[in-house]
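Remarks on the structure that follows.
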Amino acid sequence: MRTIFREGAVVKLIDQTRLPGELVLFECTRAVDLAEAITSMRIRGAPALGVAGAYGVALAAEEALPVVSAFLASVRATAELLRATRPTAVNLGWGIDQALDLVGGSDGHDAVTIREKLWALADRLAEADIEINQRIGVNGAGLIPDGANILTHCNTGALAAVDWGTALGVIRRAAGEGKRLQVFVDETRPFLQGSRLTAWELQQAGIPYTVITDSMAGHFMARGEIDLCIVGADRIAACGDVANKIGTYSVAVLAQAHRLPFYVAAPTSTIDLRIETGAEIPIEERSPDEVLSLAGVRIAPAGASARHPAFDITPARLVTGIITEFGIARPPYEESLAAAVASAR
Ligand code: MRU
């Protein structure tokens, strides 16, 4: 399964708002289509957004081509529109910046050549994402004992990347090594990435799982039914603070209270050394309607108000280890994360 790919100048992605009911593709021929797909979460998950960002700049170049004199300015302006769609996952900006660096370094090349280079770059990032995810899986699988009961939050699988996944990729790899596992899948209110997407992926992979509501995690931990937690990340600060799907912080606090390991799995493109702590990470506030309604059905009284921060910050002190494609970063994270990022350069 591939979450995002292109055919010619058409970017195709699995429409995740339609899962688990239907597996359908959404086609983007213009950057604005992709921007809409990101905002409405047809495509989501930090690594997938990184690749989508690069494809979005290629689409921008495709559209800008007819007016060669304004080509570069037009591509850059559209890139900024794409960047603004979702602020928390640093990967989106990372993918866009890879593309803009290519544009910036293309002085003297004609617009057609730059456009072709942008498509090729996005294709390369997509391929690299799959390989990086598989390396994260290999590095993390050793942390998972045979017979483990694992709690995960949100969706960090193939759907959140180009393929394979980060935290779910670790679980996938451990299962592939023959370990017997049971995955507790937080449903992940309000967008239900857990019950809609993670459960769907685990079912396809034949890995045993149980969906629980987010509020049940402490109950199962207290009863000794969970051995470890593993989640993904949308942005990791230099100190090791982790931004991830809303509810992740609660899981980490519960894990510490029950002396359970709490692991984060993420590519080095999710580490943002420009910021020191999680307090500097922008937290996306989505529409309160996504909290007040469920599957299109209103579940609160008319006139009710709601808040919808889409992410929260888990402080580094609650994180047992961060699994990257270069190994497992351990505290002190200032040193281990800087080393991981240096390995990627
Ligand atoms: O709002 P989403 O669904 O894009 O949030 C996704 C998450 O929080 C994931 O845990 C994170 O992006 C890691 S995906 C490998």
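Residues in the sequence shown are numbered from 1442 upward in steps of one, following our numbering.
No residue lacks a Cβ here, since even glycine has one placed at the ideal position from N, Cα and C.
These numbers come from a predicted model, not from an experiment.
Provide the residue span of the alpha helix (DSSP H) that contains Asp1753, from first to last. Bounds of any alpha helix (DSSP H) do not take in Asp1753; it lies within the beta strand (DSSP E) bounded by 1752-1755.
May I ask you to check if the CB of His1594 is nearer than 8 Å to at least one heavy atom of the ligand MRU? At least one heavy atom of the ligand MRU is nearer than 8 Å to the Cβ of His1594, so yes.
How do the region 1575-1595 and the region 1755-1766 stand: do at least 3 beta-carbon pairs fall below 8 Å, yes or no? Touching, yes, given that three or more Cβ pairs across the two stretches are closer than 8 Å.
When the Cα atoms are used, what is the spatial distance from Leu1440 to Gly1659? Residue 1440 lies beyond the residue range present for the chain, which begins at 1442 and ends at 1786; the question has no answer from this structure.
Residues sharing a beta bridge with Tyr1650, DSSP: In DSSP, Tyr1650 forms a bridge with Val1624.
Candidates Asp1548, Gly1462, Phe1446: closest to Ala1640 by CA position: Checked all of Asp1548, Gly1462, Phe1446; the closest Cα to Ala1640 is Gly1462.
Would the beta-carbon of Thr1607 be found less than 8 Å away from any heavy atom of the ligand MRU? Taking the Cβ of Thr1607 as the reference point, at least one heavy atom of the ligand MRU falls within a distance shorter than 8 Å.
Just list the residues that DSSP pairs Leu1669 with in beta bridges. Its beta-bridge partners are Ile1591.
In angstroms with no decimal places, state the Cα-to-Cα distance between Arg1715 and Asp1570. Those two C-alpha atoms are separated by around 22 Å.
Inside the region 1655-1728 only - beta strand (DSSP E) runs reaching at least 3 residues: For the region 1655-1728, whole beta strand (DSSP E) runs of length 3 or above, ordered along the chain, are 1669-1672, 1676-1678, 1683-1686, 1703-1706.
Nearest-angstrom Cα separation, counted from Val1760 out to Ser1691: Roughly 12 Å separates the two Cα atoms.
Could you check whether the Cβ of Gly1486 sits closer than 8 Å to any heavy atom belonging to the ligand MRU? Because some heavy atom of the ligand MRU lies under 8 Å away, the Cβ of Gly1486 counts as near it: yes.
Phe1661 versus Leu1609: straight-line alpha-carbon distance, rounded: Distance between the alpha carbons of Phe1661 and Leu1609: 20 Å.
How many Å lie between Arg1614 and Leu1592 at the Cα? Whole-angstrom Cα-Cα distance: 16 Å.
Drop a sphere of 10 angstroms on the beta-carbon of Gly1497, count the other beta-carbons inside from all chains shown, and report buried for 16 or more, exposed for fewer. Burial call: buried.
Cβ of Phe1632 within 8 Å of any heavy atom in the ligand MRU? Phe1632: yes, Cβ under 8 Å from the ligand MRU.
Answer yes or no: the CB of Asn1580 versus the heavy atoms of the ligand MRU, is any distance below 8 Å? Incorrect: Asn1580 has no Cβ contact closer than 8 Å to the ligand MRU.
Does the count of Cβ pairs from the region 1749-1756 and the region 1712-1727 closer than 8 Å reach three? Enough Cβ pairs lie closer than 8 Å, so yes.
What residues in its chain sit with their C-beta under 6 Å from that of Thr1597, if we drop five residues either side in the sequence? Hits under 6 Å: Gly1606, Thr1607, Ala1608, Leu1609, Gly1673.
Looking only at DSSP bridge pairs, what is Phe1767 linked to? For Phe1767, DSSP records no beta bridge to any residue.
Run of the beta strand (DSSP E) containing Arg1447, from where it starts to where it stops: From DSSP, the beta strand (DSSP E) with Arg1447 extends over 1445-1448.
Going by DSSP, what residue range makes up the alpha helix (DSSP H) through Glu1504? Going by DSSP, Glu1504 is part of the alpha helix (DSSP H) stretching over 1487-1505.
With burial defined as no fewer than 16 other Cβ atoms inside 10 Å of the residue's Cβ, what is the status of Thr1554: buried or exposed? Looking at its Cβ environment, which holds fewer than 16 other Cβ atoms inside 10 Å, Thr1554 is exposed.
Which term fits Gly1588, buried or exposed, when burial requires 16 or more other beta carbons within 10 angstroms of its beta carbon? The residue in question, Gly1588, is exposed, as its Cβ has fewer than 16 Cβ neighbours within 10 Å.
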